[in-house]
Structure formats: structure tokens, C-alpha cells
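Residue numbers (this note's numbering): 0 to 574. Quick reminder that beta carbons are idealized off the backbone N, C-alpha and C, glycines included. Everything numeric in this text was worked out from a predicted model, so none of it was measured.
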DNA sequence: GCCGTTTTCGGCCCGACTGTTTTCAGTCG
């Protein structure tokens with residue numbers, strides 16, 4: 000899919016225009032187009048070849064100019080405007096945008112006045128106190144830039160959802176103990192449950208904001224107080240930025256909406272407000288003519304005032320949710336309680352820590368109807384993969400556990416069979432056909448080219464015994480890039496062969512991701528939300544990240560196979 | 001650069017905090 004490449008080109012154009020001080024609305028137009036393109040579930044190349052500029056212009060945020068550039072990129076693989084702009088600026092300049100508290104204006108100034116064009120040069124200039132000669136920059140700015148560079152180097156990149164969420168929850172616990180805190184909630188990307196989190200946003204209702212600020216900035220583990228005001232403060236806590244905002248009870252709904260974002264979603268909502276003569280800010284919804292407050296206590300007020308159905312936080316990314324809410328098409332998103340079983344867990348029979356029985360009793364405690372033990376096949380030697388003999392032995396144990404827990408849980412016998420680099424599966428069909436569920440996955444040779452890797456997975460899907468493709472892109476967040484694969488093609492083959500795609504709930508996988516989930520839904524491909532748990536605690540703890548990602552992918556319970564009861568599920572499998 | 005039940009031109013979301021400023025620019029979300 001060429002979409003991500005095109006989005007990157009438009010983002011870079013926006014960056015360069017920003018540093019050049021170009022029209023900020025033009026910058027915004029490029030950014031909005033980039034965000035839209037990133038999340039499109041259809042290949043731009045296909046759209047461009049089918050309908051050209053006219054069809055591209057139907058996509059919101061894409062007009063004549065950007066549509067023409069997309070066609071140009073699809074046809075020539077290059078964009079003239081982008082090429083010309085990149086020549087105008089030294090390559091290191093844009094990297095500086097990633098430094099906290101350093102923005103386009105600062106970069107332009109230090110470049111124009113001192114010829115600084117990289118982070119290293121900026122650091123040297125600050126240390127030699129050369130920045131304070133520039134108008135608008137002083138000693139404090141030098142100090143903040145050095146701090147920013149240090150922060151950028153130390154905590155580059157974002158934290159996993161699974162790291163940020165528990166940390167935020169413990170901050171909430173701590174602040175709840177204070178009398179001044181009447182109400183407290185998580186907002187920001189964490190409330191939207193993004194897979195990675197840049198900073199933690201917290202919203203408090205209080206009549207005594209100063210006390211709250213004091214408590215917040217003196218929390219245990221605070222490394223730096225970046226800002227401290229009457230209603231807003233910012234700290235660095237154990238390597239994460241944490242922002243806190245205090246409002247009064249009458250503004251809570253407007254504030255939680257504003258503070259949840261995303262930024263792009265908020266812009267769309269406020270634009271709708273402007274058209275209706277309304278001003279929307281974190282304090283409420285106001286009539287522009289009279290200044291009268293018409294809403295703000297509840298989050299639903301904000302949507303109601305602009306004529307929209309309620310939009311759950313996970314959808315607020317300006318990915319079409321505003322249009323859907325206008326037409327009353329907001330999906331009934333899947334919830335944790337809809338999950339009736341886990342179709343991918345490991346046991347001691349390969350690299351898991353717990354026995355079949357222990358996994359079964361945990362599944363019972365979770366209220367599940369079934370759990371599929373999907374231990375590795377022989378090729379994954381490091382994980383103690385099972386050969387045919389071992390699978391037979393394990394079956395005896397599964398049968399006995401099923402007898403023991405009859406009526407409480409059904410343990411499905413399964414394997415996570417390796418899809419080898421020569422396209423073959425790691426176990427013969429005769430063995431696979433004996434199993435209740437077959438999960439197939441790639442575990443090696445991640446560097447095969449896109450066409451080969453796509454064919455490799457396609458071949459597995461075409462096997463009449465393979466029910467589910469596990470972690471279909473192989474990514475490990477922060478450690479391993481996804482392998483190259485034509486996801487749209489895979490979705491088509493999955494649909495044709497009746498193969499289920501896994502949403503692996505492990506917080507550093509979340510694979511399929513939210514956008515892929517939505518693509519699957521558009522193609523009519525069912526999803527299995529599985530944990531890939533290697534012990535019982537993981538089976539319990541990580542499923543919520545999978546469900547969150549599914550919600551971000553607009554999935555409803557009916558799109559997910561493991562919301563079905565045992566009998567219905569068995570009907571959805573190939574066997 | 002996009003977009004139109006106020007417009008095909010002239011708008012384009014909104015406010016807090018900081019630092020360098022005597023009234024505001026820059027950054028952030």
C-alpha cells in the first residue's frame with residue numbers, strides 16, 4: 000500500500016512549509032490530508048487509477064492541488080513540489096521539530112541567524128550561549144532547549160499503552176486522596192486508547208485548584224516541573240510528560256471533550272460549532288451573539304449542540320467519525336464483556352508457564368466458554384515446539400481436563416503452526432485435520448520481499464485446515480518493524496478462503512492494528528481477538544488492550560468471532 | 001490548500017503557560 004508513503008510526503012511538505020513560515024492554513028491542509036490518507040482502508044493507487052483526480056477529490060480534505068499530487072506520485076513515484084522544498088532546507092533541520100518546546104519559529108531563527116541546521120549544532124550553540132543574542136530568545140530559552148534535547152534523547156518515542164495506563168491509574172489513586180479533588184479522570188490519547196502514548200493527560204474538578212497543583216507537582220518521582228499555573232501544570236514523572244488541568248464542575252463535560260482530543264477531531268467539532276454560531280472551548284458551548292452558555296456540564300452536551308450523536312473516545316481521530324455521527328452511523332463498539340473465549344494461548348507443552356488445567360480454570364474465572372491452547376510447532380525450536388507425537392500426548396491431557404471441567408469450559412486443541420519461508424506449513428495436513436482450531440503464523444525470515452511474504456501467507460490461508468492467521472504483520476512495537484506485506488490482498492484472500500484474521504492483544508504487538516481492523520471490517524473478514532498469553536495472568540490482563548484496539552478499528556461484537564458461543568464459533572471455522 | 005443552507009473568495013478552533021516582552025510571540029494540545 001502506497002498510502003503511508005504518500006502521507007509521509009505530505010507531512011514533510013507541511014514540516015518544511017512551517018519552518019519556512021508559509022501560510023499556516025496551507026500547512027494544516029497538508030497535515031489533514033496526511034492523517035486522512037494514513038487511515039484510508041483503500042489503496043490510493045487503486046483509487047487514482049480508477050477515477051483520477053475527480054474521485055480523489057471526493058475524499059474529505061483532499062482538493063484539486065493535493066489530488067493532482069497524489070496522481071503524480073502514483074504515476075511517477077515522486078512529487079515535484081516535495082523535491083523542490085527538500086532542496087531548500089538542510090536535511091537535519093526538520094529533526095529539530097521533535098525536540099520538546101522547540102517549534103518551527105525557533106528553528107527558523109537559529110538557522111537564519113546562526114546557520115544551525117542539526118540537533119548537535121543547536122546543542123553546541125545553546126551551550127556557548129549564542130542563542131541569547133537572537134531577539135525573542137534569552138537565557139531561559141537556552142536552558143529549556145538543552146533540557147528539551149536531553150529529554151528527546153532520553154525518552155525518544157512514545158510509551159506503550161500498557162505502560163502508560165497503569166502509571167496514570169496510580170497517579171489518579173494518589174490524587175484522589177486529596178480533599179480538594181472532587182472528580183478526576185484520564186483524558187488525552189490514553190482515553191482514546193492509542194497503542195502508544197506520548198504523555199498522560201489528567202483532568203480534575205476542584206474549587207481549590209492551587210492545592211491540586213501543589214499536590215500534583217510534588218508527587219513522588221517528579222523529575223521536572225515544566226509549567227505550573229492556576230489551572231494547568233505539566234511535569235515529567237519517571238520519564239513521562241504528565242499534564243493536569245483543573246476546571247469547575249459546570250465545565251467538566253466540555254473540558255473532558257477538549258482534553259481528550261484528538262486535536263484534529265476537536266477542530267472538526269469546533270468548525271461545526273462556528274457554522275451554528277457557537278463557540279466551543281474547554282469551559283463550555285457558548286452562543287457567539289449573546290455569550291450565553293448552552294452546554295458544558297456533560298460531554299454529551301458538546302455533541303448534541305453541534306447536532307451529532309455521541310462519539311466514543313476511541314473513534315475521535317477525524318477518521319470519518321464526525322460524518323458517521325451526523326448520519327447516525329456510529330457503530331455499537333465491542334466491549335470487554337462481549338468476549339466469550341480466547342483462541343490463542345500457550346501452555347507448558349511449548350513455551351507457556353502454566354498447564355492446560357491452569358489455563359482452563361483461569362478461563363472459567365474470566366467467564367469464558369472456551370479456550371484454545373495453541374502451542375508452537377517444531378520449527379519454533381526455541382519455544383519447545385511440538386511434533387506429532389507430542390501433540391498426541393497433549394491431547395490426552397486436554398481430554399482429561401475437558402472431562403474434569405465438563406459444562407464449565409471447553410478446551411479446544413490447537414497449534415500455532417509455523418508458516419515456513421518456502422511457503423509450506425510446519426505440520427502435515429493429517430495432523431492439522433485432527434485439531435479443533437489451527438492458528439498459523441510467520442516466525443522467521445521476516446526480510447522476504449513484499450510479494451514473497453504476501454504469497455507465503457496467502458498459501459497458508461488457502462490450506463483447508465488453517466482457521467486463523469496470527470499476528471499478521473509480525474511487528475513488535477519499538478523493536479521490530481512489520482514485515483512487508485500487501486494487506487489489502489491478504490484481506491481479499493481471507494474473505495475468499497474463509498480465514499479469520501487475529502488481533503493479537505499483546506501490548507507490544509496489537510497486530511492487526513486499528514486501521515487494519517477497519518480494513519478487515521470493510522472487506523467482511525472476521526477477526527479473532529486473542530491474547531497469545533504465555534501464562535494465566537497474561538490471559539487475564541492483556542485482553543483489554545486487544546478490545547481497545549478493536550474499538551479503535553470500529554469493530555462491533557458481530558465482527559469478532561470470539562464473541563460467539565461455542566457452537567456458533569465452530570460453525571465459523573473451516574473444519 | 002480546502003471549502004461553501006451566510007460564501008467560488010475569504011475565511012479557516014481555541015486557550016493556557018512561558019519567556020521576553022511593555023503588549024506579544026511561540027509552543028503545546
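Exposed unless 16 or more other CB atoms sit within 10 angstroms - verdict on residue i
i	result
residue 392	exposed
residue 63	exposed
residue 309	exposed
residue 551	buried
residue 283	buried
residue 217	exposed
residue 443	exposed
residue 501	buried
residue 567	exposed
residue 24	exposed
residue 290	exposed
residue 46	buried
residue 558	buried
residue 74	exposed
residue 158	buried
residue 376	buried
residue 520	buried
Cα-Cα separation between residue i and residue j, rounded to whole angstroms
i	j	result
residue 417	residue 188	35 Å
residue 603	residue 439	The first residue shown for the chain is 0 and the last is 574, placing residue 603 beyond what the model contains.
residue 575	residue 155	It is not possible to answer for residue 575, since the shown part of the chain is limited to 0 through 574.
residue 300	residue 321	15 Å
residue 280	residue 229	17 Å
residue 129	residue 240	28 Å
residue 38	residue 514	6 Å
residue 371	residue 426	18 Å
residue 424	residue 244	54 Å
residue 210	residue 179	7 Å
residue 470	residue 295	42 Å
residue 268	residue 232	25 Å
residue 512	residue 553	11 Å
DSSP three-state assignment for residue i, whether helix, strand or coil
i	result
residue 277	strand
residue 187	helix
residue 263	helix
residue 100	coil
residue 4	helix
residue 252	helix
residue 358	helix
residue 195	strand
residue 441	coil
residue 202	strand
residue 84	helix
residue 179	coil
residue 532	strand
residue 68	helix
residue 385	coil
residue 469	coil
residue 218	coil
residue 367	coil
residue 77	coil
residue 415	strand
residue 136	coil
residue 244	strand
Spatially closest choice to residue i from the options, by CA coordinates
i	options	result
residue 588	338, 458 and 388	Missing from the structure shown is residue 588; the chain here goes from 0 to 574 and no further.
residue 482	450, 496 and 513	450
residue 434	461, 422, 394 and 472	394
residue 373	455, 366, 383 and 364	383
residue 484	122, 475 and 446	446
residue 112	134, 122, 126 and 118	134
residue 200	179, 256, 458 and 223	256
residue 60	34, 455 and 75	34
residue 577	547, 242 and 249	There is no way to answer for residue 577, as the model of the chain reaches only from 0 to 574.
residue 30	44, 7, 19 and 43	7
residue 331	556, 174 and 110	556
residue 365	343, 190 and 336	336
beta-carbon residue i near the ligand FAD non-hydrogen atom, thresh 7 Å
i	result
residue 69	In terms of ligand content, the structure shown is empty, and the ligand FAD therefore cannot be addressed.
Please determine if the region 344-352 and the region 496-510 are in contact, where contact requires at least 3 C-beta pairs separated by less than 8 Å.
no
Flag this pair as touching only if the region 68-79 and the region 90-97 have three or more C-beta atom pairs under 8 Å; answer yes or no.
no
Inspect the CB distances between the region 125-144 and the region 174-193 and report whether three or more fall short of 8 Å.
no
Report yes or no: do the region 458-465 and the region 9-25 share at least 3 C-beta pairs separated by less than 8 Å?
no
Segment contact, 8 Å Cβ cut-off, at least three pairs: the region 257-267 with the region 311-321:
yes
Could you tell me whether the region 78-93 touches the region 49-56, using the rule of 3 or more Cβ pairs below 8 Å?
no
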